[in-house]
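What follows is one structure encoded as structure tokens, with my remarks underneath.
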Amino acid sequence: MLDARVPLANTRSISFALGFLGFMAFCSYKGGALIGVPAIAIYVPYLAATMYRCRLKISAQSVEVGALLYRTRVEMSQIKPEEAVVLPDGAHPRLRWSKSSLRLPGLQLGWFTTSRGKSVFAATGGPKGRVLIPTTGKHDLMVSCEDPEAVLAALRRAGLCPAEAVE
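The sequence shown begins at 0 in numbering that gives the first Met the number 0 and counts up one residue at a time.
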């Protein structure tokens, strides 16, 4: 139904990654090569792969979100489509404590606690274009999208939203 890339790579996350790369290169130059070089060789490709491979897949059976180590799959029977909403820029729920995640300025991928109290699996690249998909399971889904309305439309096409919600 829908297979879209989650836009995690943005100016803030890429700037932070480049700053980290510069710091580790400096540490390597100043005698920390045993730490700096392996950190650069492992962390930078992993971060780049995560940023560009993160996907949102909606099918008739499930919703899958994430990339590499941080991903989740929720069966359609656990989705509450009538409560799925496009969040206004910067609106709640705000992500709080990280349970298991990759969190940089402008990039959040993994499991978090929220200001609403329920855990959420987030794949967001900032406060814009986020969709909150509530579930009956242990965690909800929060995903950044280039076209949030297309995500809601895909849920409707899967027969998840009631007919009166389709405009």
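Idealized CB from N, CA, C, for every residue including glycine.
Checklist line | Span of the beta strand (DSSP E), counted from its first residue to its last, around Val-84 | finding: Per DSSP, Val-84 belongs to the beta strand (DSSP E) from 84-86.
Check: In chain order, what residues of the same chain lie with their CB nearer than 7 Å to the CB of Gly-65, ignoring the 5 residues before and after it?
Finding: Cβ within range, chain order: Cys-53, Thr-71, Leu-108, Ala-122.
Margin query: What does the alpha-carbon distance come out to for the pair Leu-94 and Pro-147?
Written below: Roughly 19 Å separates the two Cα atoms.
Checklist line | Residues sharing a beta bridge with Met-141, DSSP | finding: Paired residues: Ala-121, Leu-131.
Notebook entry, point to check: So, helix, strand or coil for Val-165, using DSSP?
Noted result: Below a pLDDT of 50, predicted positions are generally treated as unreliable, and Val-165, at 37, falls in that range; the measurement from the model is reported next regardless. Secondary structure at Val-165: coil, using DSSP grouped into helix, strand and coil.
Check: Between Tyr-45 and Leu-68, what straight-line distance do the alpha-carbon atoms span, to the nearest angstrom?
Finding: Spanning the alpha carbons of Tyr-45 and Leu-68 requires a straight line of approximately 10 Å.
Checklist line | Host alpha helix (DSSP H) of Gly-18 (start-end) | finding: First-last of the alpha helix (DSSP H) with Gly-18: 10-26.
Notebook entry, point to check: Which residue from His-138, Ala-152, Arg-156, Ala-16 puts its Cα closest to that of Thr-112?
Noted result: Selected option, being the one with the closest Cα: His-138.
Note to self: What would DSSP say about Ala-59, mapped onto helix, strand or coil?
What the structure shows: Three-state result, Ala-59: coil.
Check: Less than 8 Å separating the beta-carbons of Ala-24 and Ile-13?
Finding: Not a contact, by the Cβ cut-off of 8 Å.
Checklist line | Chain-order list of residues whose beta-carbon lies under 7 Å from that of Gln-77 (same chain, five-residue window excluded) | finding: Here the set comprises Thr-134, Thr-135, Gly-136.
Next item on the list: With DSSP as the reference, label Arg-115 as helix, strand or coil.
Entry: Reduced to three states, the DSSP call for Arg-115 is coil.
Check: Cβ atoms of Val-73 and Ser-61: under 8 Å apart, would you say?
Finding: Cβ atoms of Ser-61 and Val-73: closer than 8 Å.
Checklist line | Terminal residues of the alpha helix (DSSP H) in which Leu-154 lies | finding: Here the alpha helix (DSSP H) through Leu-154 covers 147-156.
Next item on the list: Could you say which of Leu-106, Ser-27, Leu-131, Ala-157 lies nearest to Arg-115 if we only look at CA atoms?
Entry: Of the listed residues, the one whose Cα sits closest to Arg-115 is Leu-131.
Margin query: Would Ala-239 and Met-50 be called neighbours here (beta carbons separated by less than 8 Å)?
Written below: Nothing can be reported for residue 239, as the shown portion of the chain is limited to 0 through 166.
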